[in-house]
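**Student:** Just so you know, my numbering puts 178 at position 172 of the sequence shown, and the rest follows in order with no gaps.
Note that beta-carbon positions come from the ideal geometry of N, C-alpha and C, so glycine has one too.
Only a predicted model underlies this, so the values are computations on that prediction, with no experimental measurement involved.
The structure is given below, and queries will be raised subsequently.
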Amino acid sequence: MTRSIRPLVAGNWKMNGVRADLAIAAEVAAGYDLALKSAVDLALCPPATLLYMMSAALLGSRIATGGQDCGVAASGAFTGEVSAAMLADSGATFAIVGHSERRALHGETNAVVRAKAQAAQAALLVPIVCVGETQAEREAGKALAVVRKQLRGSVPEGSKAATLVVAYEPVWAIGTGLTPTPADVGQMHEAIRAELARILGKPAAAGVRLLYGGSVKPGNAAELMSVAHVDGALVGGASLKAQDFLAIARACA
Ligand code: PEP
């Protein structure tokens with residue numbers, strides 16, 4: 007944790023959830039008590055189909071919502087795409103961009119991720135820019151170099167602390183139950199902060215929230231969240247269980 011930074015725990019529902027699952031969001035809101043509210047920000051990123059309804063349901067709860075991706079263009083002939091302005095119009099505060107599933111399954115390059123992050127910022131959303139190495143890259147000793155390159159290619163220049171969140175998500179830790187050691191997470195987050203300082207300048211970089219993501223669960227959250235420069239979590243599977251998500255939030259608080 008960075009003492010001066012208010013932590014953020016964001017849930018990525020991925021392609022999960024129908025209207026009945028809004029009950030999960032309601033349960034999270036019910037458990038987001040005063041102690042938690044004073045210590046940690048929460049956000050839920052449901053599929054686009056649920057975004058408007060979830061945002062409406064969470065009004066007054068101080069829990070933000072976000073999209074899981076956004077188009078590069080503001081509008082136009084892009085069948086199937088959802089623009090950042092549409093996410094904002096549906097009540098979103100955040101947009102996840104460059105998740106490893108989109109980089110791998112949709113061939114999103116760093117340049118595309120940066121364009122999406124810029125589109126999000128233009129719509130007054132805060133992009134959560136995801137970076138992270140594959141298992142092969144880590145085993146080859148290239149994890150730091152890979153992530154630094156992703157940051158240089160994906161982070162919009164001119165971002166301020168309040169207009170950017172970065173999530174370090176090692177690809178091999180997502181949905182696998184595996185996590186890096188706290189020492190490896192610490193080394194990576196320190197390197198990310200330093201690289202952001204080169205890209206954005208030290209004052210802006212010092213305030214950017216750096217989330218760790220990849221198999222965060224109630225049982226490992228406290229250890230991961232206690233690492234320096236870890237300012238919260240991006241949570242996949244465990245964000246679909248309200249009590250697990252709240253337990254992770256409590257570990258941040
Ligand atoms: C994710 O997909 O962003 C993620 C962190 O997933 P999980 O928590 O399930 O590993």
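Identify whether C76 lies in helix, strand or coil by the three-state DSSP scheme.
**Tutor:** C76: coil per DSSP, three-state reduction.
**Student:** Which residue's Cα is closest to the Cα of A31: M7, A45, L57?
**Tutor:** Measuring from the Cα of A31, the nearest candidate turns out to be L57.
**Student:** For the 8 angstroms Cβ check, are there 3 or more pairs between the region 167-187 and the region 213-221?
**Tutor:** The region 167-187 vs the region 213-221: in contact.
**Student:** Bridge partners for P133 per DSSP, in chain order?
**Tutor:** The partner list for P133 (beta bridge, DSSP) reads A101.
**Student:** Mind listing, in chain order, the continuous beta strand (DSSP E) runs of no fewer than 3 residues lying wholly within the region 27-84?
**Tutor:** 47-51, 69-73, all fully within the region 27-84.
**Student:** Under 8 angstroms by Cβ, that's how I've got R108 and E114 pegged, so tell me the actual separation to the nearest angstrom.
**Tutor:** That pair is a contact at about 5 angstroms.
**Student:** Does DSSP put A239 in a helix, a strand or coil?
**Tutor:** The answer is strand: DSSP assigns A239 an E or B state.
**Student:** Ignore the nearest five residues each way along the sequence and tell me which others in V152's own chain have a CB closer than 6 angstroms to its CB.
**Tutor:** Answer for V152: E139, E143, listed in chain order.
**Student:** Do you know how far the Cα of A227 is from the Cα of A253?
**Tutor:** Spanning the two alpha carbons is a distance of roughly 8 angstroms.
**Student:** Hey, would you say the C-beta of N116 is under 8 angstroms away from at least one heavy atom of the ligand FMN?
**Tutor:** This structure simply doesn't include the ligand FMN; it includes the ligand PEP instead.
**Student:** Who are the Cβ neighbours of A248 in its own chain at under 7 angstroms, not counting the five residues just before and after it?
**Tutor:** Same-chain partners within the cutoff: I30, E33, V34, G37.
**Student:** Per DSSP, what kind of secondary structure is L157 in: helix, strand or coil?
**Tutor:** Of the three classes helix, strand and coil, the one that applies to L157 here is helix, per DSSP.
**Student:** Examine the ligand PEP and report whether any of its heavy atoms sits within less than 8 angstroms of the Cβ of G86.
**Tutor:** No, the Cβ of G86 stays beyond 8 angstroms of every heavy atom of the ligand PEP.
**Student:** Would you kindly report the start and end of the unbroken beta strand (DSSP E) that includes L14?
**Tutor:** L14 -> beta strand (DSSP E) spans 14-18.
**Student:** Relative to the alpha-carbon of Q193, which residue among G181, L230, K223, R204 has its alpha-carbon at the smallest distance?
**Tutor:** Of the listed residues, the one whose Cα sits closest to Q193 is L230.
**Student:** When the Cα of P13 is compared with those of R154, A239, I102, L157, which residue comes out closest?
**Tutor:** When only C-alpha atoms are compared, the closest one is A239.
**Student:** Should H274 be counted as a contact of the ligand PEP given a C-beta to heavy atom distance under 8 angstroms?
**Tutor:** This structure does not reach residue 274, given that the chain is present from 7 up to 259, and the question cannot be answered.
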